[in-house]
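Chains as they are written, first to last, in this note's numbering: chain A, 1 to 243; chain B, 244 to 523; chain C, 524 to 945. The C-beta atom is built at its ideal place from N, Cα and C for all residues, glycine as well. None of these values were measured; they are calculated from a predicted model.
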Amino acid sequence: MPNSGTQHTVKAFDTDINELRGMVAEIGGRSEQAIAKAMRALQKADLKLAEEVVKEDKLIDDLERRIDELTFQTIALRAPMADDLRELIATFKISGVVERIGDYAKNIAKRVPVLAEGKKLGPVSLLPSMSQVASELVHDSLEAFARRDAALAEDVSERDQVVDDFYTSIFRATITHMIENPKDIGQAAHVLFIAKNLERIGDHATNVAEMVYFASTGEQMPERDRGENPADILADPKQDGSE
Amino acid sequence: MNDMVSADIKGNEKLVSPDDPHQVVAGDGPPKMTTRNVDVYYGEKQAIDNVSIDVNLDNVTAFIGPSGCGKSTFLRCLNRMNDTIPIAKVSGDIKLEGEDIYAPQMDVVQLRARVGMVFQKPNPFPKSIYDNIAYGPRIHGLASNKDELEHIVETSLQRAGLWNEVKDRLQDSGTALSGGQQQRLCIARAIAVDPEVILMDEPCSALDPIATAKIEELIHEIRGKYAIVIVTHNMQQAARVSQRTAFFHLGTLVEYGVTTDIFTNPTEERTRDYITGRYG
Amino acid sequence: MNSETASTIDPTPTDWSSAAMQQRIKKRYAAERRFKAIGLGAILLSASFLLFLLVVMLGNGFRGFTQTELPVEIDFPALTNGAQASQFEGPNAESRIRSLGVRDIVNGSIEVEYGNSGTDLFSPNAWTTVQTAILGNPAIVGEKTVFYLPVEAELDVAYKGSGNPEAEKKVDKLDDRLSTGFNFNFMSNSDATDPMQVGIWGALKGSLITMIITLALAFPVGVLAALYLEEYAPKNRYTDLIEVSINNLAAVPSIIFGLLGLAVFLNLFGLPRSAALVGGLTLALMTMPVIVISGRNAVKSVPPSIREAALGIGASPIQVVFHHVLPLALPGILTGTIIGMARALGETAPLLMIGMRAFIAKPPDGITDPSTVLPVQIFLWSDEVNRGFVEKTSAAIIVLLVFLLTMNAVAIYLRNRFETRW
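In structure tokens:
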């Protein structure tokens, strides 16, 4: 049920809630930026940019701590009920999730120096598109939080499928490359990890969307059809070892 | 259909049938008191408009709502205390264990023993503690000799959690106790006449937090022995103490359901506005 | 301190120590002092009135409790021809003593001591003092004893300082032999023609009986009426009319109640005139409205929370009233009763109208015997010609005041006892 828009009788309560939402928007923005920067650093082999991403992750951690503090305080002092309570609990969890997204971006940035040295591997070209989709998911889930839009949240949850599909293809391609070019295994392993990080980012965005749905409606988001389980990829009998 | 009787009950499911459109929580047992289409008028002014609600034994029911919404008025209908107000007119169907409480053969004096009441401001009689408790059983003839009477007094005070504090001074005046103790004395007094329902009209509003907590704990302990209805201004108290909550607004029953649901995810906008502090 | 802008809040803080403020403070203190002084003055004035009354009454009345006496030596063995004490014991003692002729013995002794006209000096019934003494202690007849017998009224008045010249002369002559003794008989005798023999007991007993009848009738009726009007009666025009009527009744002059008593109790019901019963009935009519009014106020002041608590536990309306409301209203009701009874005790006019003004020489035995009351007795004595009655009147007033104070003290004690239980 969307918020009726009326103010709380005690205005300070509204001030606190608005401050929290501002901070969530900020942490979301920073995480998105971190993903974008990390991918750009990867494409351009820009070591300085990668280092920036690593350093700026501290700001994201700080922000998460401040959000937790303020949420904690608001719950203790305001005794929130109903949708206020759901929103605050959602804020609490979302800030943790978004902080982890930032950590994944940092992780990607850390791998840039290794990949910058060697030659560019084939599967790497798929990564920017994947990160684009994942980034959009993060953006949209936080947009849904700001607007308390349950429909948008559901949409985000569906679109995670795209990221998962990307991961599946990159995984296959990289494994194939590893089998064919064993001396590239080291680099290829990093590619796998980067793809995994992006897939996790997509999943976390879905977590945020589920929280938004709960805060908005008070109910759990209905289970979506998850599609192919990545763990089953190698067990697929159709897979053949040749390129 | 299955959803309604499954174990995972969404409390605010309104089970309605065209001729009995009152809200009920699926899975609740048979009610102690039922009310249907109750209207109350003070002269020309309507205070209660078509309220239908059930009270049952296992669940403490809380009535919440802003000032003047009629929750106390409705509470007083249940033991016919509104009879003492000349300009009050009560209409509708109110039953205790299936008997209409306004039927001519229902003795209002006995009704008030079966449906006891605790008031907002503690009002012990200006008698000794013993006499305060013993008065009810005496006038209703519940004890045939002095030993039985003493037993009733002791049991009532124990159930009210007051026995240990007063057992050595039963002859002291009831008004010499502290506010919280006085209120527990009033609860013990109501318990002494072996009621089926206990109505509490804002029992803690005149008390400090510690006394309030003791009374909330007491309500928790006696729940299930008596059907309890509590009117309260304090939403947190309603949330802590009750299992079913009814939200009143301007004399109408806006929403009734499981307490957890009302306070985490109410269906009606007016309810939501009230409990989140957006009301007014 | 209006500012130019539309803002109504003056930005400069209030100067509490400015000269204007100090002036205000001084004025306020002065007003409080004045008020206290006026209050104190009122109290002192009232107290002085009371003191004046008491002093005058006591001063005048005290002498009513004393009598002037002259000694008379009576030689019993000689005058009774050797009668023995043993003769005057047992069942027929009283008639034998009466047949002894104590009167002649006493008169004889007086004449011996004071001359032939000696008996004129003494009160005509002085000899009864001797007879009463013998009745009390028959052994006296065996000895020579000196009795202090009361003198006659004129002499008594003259000795006390306000007699006619002739009596004054006699007093001067007997000066060294006259003495003052306490008049115990005043408390045990009834009305008489001789002021020296007069006593207050008859009127006192009459007052007691009348008061008891008044209380027995007015209190229950008044209290129950008050309870009904407050707790049960519906609030409509008729009950309003009743309330107004009762208020008016309380203000009706008491003599009209006397007329009512005369017309209804004496003429219509044919009750005996001058009986304590009729007096009690009339005064009850007069006292009842006062009790009803104070009773209603007392019942109104019982907090509704007590009623609700009692109703809530399943007490019937009667139980609520008698177990809870009445005990709490009792102090107020008793106060009203005290006021009503005090007024009834001092009423003279209505009782005069129903005939309690006759000369009653014997105290009443029952409620239908002719009797009188203290205020009427005082009124009658004050009308007497004989100057001996003047101090008796004041003495009777003192007795009336003591009676009143005792009654009030009892009622206040009762009220306090009920009040502490709250």
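Q. V913 of chain C: which of C:V822, C:F707, C:G587 sits nearest, CA to CA?
A. Ranking the options by Cα distance to V913 of chain C, first place goes to C:G587.
Q) Would you say I515 of chain C and P887 of chain C are within 8 Å of each other, going by their C-beta atoms? A) There is no way to answer for residue 515 of chain C, as the model of chain C reaches only from 524 to 945.
(Q) Output needed in chain order: residues of the segment 718-737 of chain C with a Cβ under 9 Å from some Cβ in chain B. (A) Within the segment 718-737 of chain C, no residue has a Cβ that lies closer than 9 Å to any Cβ of chain B.
Q) DSSP on K468 of chain B, reduced to helix/strand/coil? A) Reduced to three states, the DSSP call for K468 of chain B is coil.
Q) In the segment 829-843 of chain C, which residues sit with their C-beta less than 7 Å from some C-beta in chain B, listed in chain order? A) From the segment 829-843 of chain C, only I829, E831, A832, L834, G835, I836, G837, A838, S839, Q842 have a Cβ closer than 7 Å to chain B.
**Q.** Classification of S817 of chain C by the beta-carbon crowding that lies within 10 angstroms, buried from 16 upward
**A.** Label assigned to S817 of chain C: buried.
(Q) Restricting to runs no shorter than 3 residues, where is the beta strand (DSSP E) found entirely within the segment 138-226 of chain A? (A) Segments of the beta strand (DSSP E) lying fully in the segment 138-226 of chain A: there are none.
Q) Taking the continuous beta strand (DSSP E) assigned at V298 of chain B, which residues delimit it? A) First-last of the beta strand (DSSP E) with V298 of chain B: 288-298.
Q: Let me know if L573 of chain C comes out buried or exposed under the rule of 16 or more other beta-carbons within 10 Å of its beta-carbon.
A: With fewer than 16 other beta carbons inside 10 angstroms of its own, L573 of chain C counts as exposed.
Q. Which residue spans inside the segment 659-740 of chain C form an unbroken alpha helix (DSSP H) run of at least 4?
A. Listed in chain order, the complete alpha helix (DSSP H) runs (minimum 4 residues) inside the segment 659-740 of chain C are 676-682, 688-697, 708-711.
Q) Which residue comes first and which comes last in the beta strand (DSSP E) that contains P594 of chain C? A) Residues 589-598.
Q.
According to DSSP, simplified to helix, strand and coil, what is K364 of chain B?
A. Judged by DSSP in its simplified three-state form, K364 of chain B adopts coil rather than helix or strand.
Q) Who are the near neighbours of A195 of chain A in its chain, counting only those whose CB is closer than 6 Å to its CB and skipping five residues on each side? A) Here the set comprises Y167, I170.
Q. How about G520 of chain B: is its C-beta nearer than 8 Å to some C-beta of chain A?
A. Any Cβ of chain A closer than 8 Å to the Cβ of G520 of chain B would place that residue at the interface, and such an atom is present.
Q | Environment of R940 of chain C [buried if 16+ CB atoms lie within 10 Å] | A | Here R940 of chain C is exposed, its C-beta having fewer than 16 other C-beta atoms within 10 Å.
Q) Got a sec: which bits of the segment 75-98 of chain A sit with their beta carbon under 9 Å from any beta carbon on chain B, in order along the chain? A) For the segment 75-98 of chain A, the set of positions with a beta-carbon nearer than 9 Å to some beta-carbon of chain B reads R78, A79, P80, M81, A82, D83, D84, L85, R86 in chain order.
(Q) Looking at chain B, is there any beta carbon in it that lies within less than 8 Å of the beta carbon of F13 of chain A? (A) Judged by the 8 Å Cβ criterion, F13 of chain A is in contact with chain B.
(Q) By alpha-carbon positions, which one of A:D16, A:S216, A:L142, A:A205 ends up nearest to R100 of chain A? (A) Measuring from the Cα of R100 of chain A, the nearest candidate turns out to be A:A205.
Q) Considering only residues of the same chain and omitting the five flanking positions on each side of R30 of chain A, which have a CB-CB separation below 6 Å? A) Excluding sequence neighbours, R30 of chain A sits near I60.
Q) According to the Cβ coordinates, are D516 of chain B and T15 of chain A closer than 8 Å? A) Their beta carbons are not under 8 Å apart, which means D516 of chain B does not touch T15 of chain A by this criterion.
Q: Can you grab the Cα-Cα spacing for the pair N322 of chain B / I296 of chain B, in whole Å?
A: For the pair N322 of chain B and I296 of chain B, the Cα-to-Cα distance works out to about 15 Å.
(Q) Short of 7 Å Cβ to Cβ, which residues in the segment 379-407 of chain B face chain C? (A) Contact residues of the segment 379-407 of chain B toward chain C are G379, I382, H383 (C-beta to C-beta distance below 7 Å).
Q | Proximal residues, the segment 301-333 of chain B versus chain C, C-beta separation under 8 Å | A | Correct list: N322, M324, T327, P329.
Q) Using Cβ-Cβ distances below 8 Å, what residues of the segment 13-40 of chain A are close to chain B? A) Residues F13.
Q: Taking 8 Å as the cut-off, decide whether the C-beta atoms of A403 of chain B and R427 of chain B are in contact.
A: Yes, these two residues count as a Cβ contact at 8 Å.
**Q.** Residues near D240 of chain A by beta carbon distance below 8 Å, same chain, minus five either side
**A.** At D240 of chain A the pLDDT is 47, less than 50, meaning the model places this residue with poor confidence; the figure from the coordinates comes in the next sentence. Beyond the five residues adjoining it in sequence on each side, D240 of chain A comes within less than 8 Å, by CB distance, of no other residue in the same chain.
Q) Quick one: does Q426 of chain B have its CB under 8 Å from some CB of chain C? A) In terms of beta-carbon proximity, Q426 of chain B stays away from the interface with chain C, with every pair separated by 8 Å or more.
**Q.** Contact with chain C by Q353 of chain B, beta-carbon distance below 8 Å
**A.** Output row for Q353 of chain B: interface = yes.
Q. In chain order, which continuous runs of the alpha helix (DSSP H) of length 4 or greater are located wholly inside the segment 305-367 of chain B?
A. You should have 314-321, 351-357.
Q: Would you mind working out which of B:E464, B:E460, B:S371, B:M349 sits nearest L420 of chain B, comparing C-alpha positions?
A: Relative to L420 of chain B, the option among B:E464, B:E460, B:S371, B:M349 whose CA is nearest is B:S371.
(Q) What does DSSP give as the partner residue(s) for D444 of chain B in the beta ladder? (A) DSSP, once it has assigned bridges, lists B:V474 as partnering D444 of chain B.
(Q) Can you list, in chain order, the residues of its chain with a C-beta nearer than 7 Å to that of E397 of chain B? Leave out the 5 residues immediately preceding and following it. (A) Contacts found: W406.
Q.
Need the endpoints of the beta strand (DSSP E) that D516 of chain B sits in, please.
A. Careful: D516 of chain B lies outside any beta strand (DSSP E), inside the alpha helix (DSSP H) at 512-518.
Q: Please state whether DSSP places S371 of chain B in a helix, a strand or coil.
A: Of the three classes helix, strand and coil, the one that applies to S371 of chain B here is strand, per DSSP.
Q) Nearest-angstrom Cα distance between A116 of chain A and H139 of chain A? A) Distance between the alpha carbons of A116 of chain A and H139 of chain A: 28 Å.
Q: Would you mind working out which of A:A38, A:M130, A:S141 sits nearest S95 of chain A, comparing C-alpha positions?
A: Each of A:A38, A:M130, A:S141 was checked against the Cα of S95 of chain A, and the nearest Cα belongs to A:S141.
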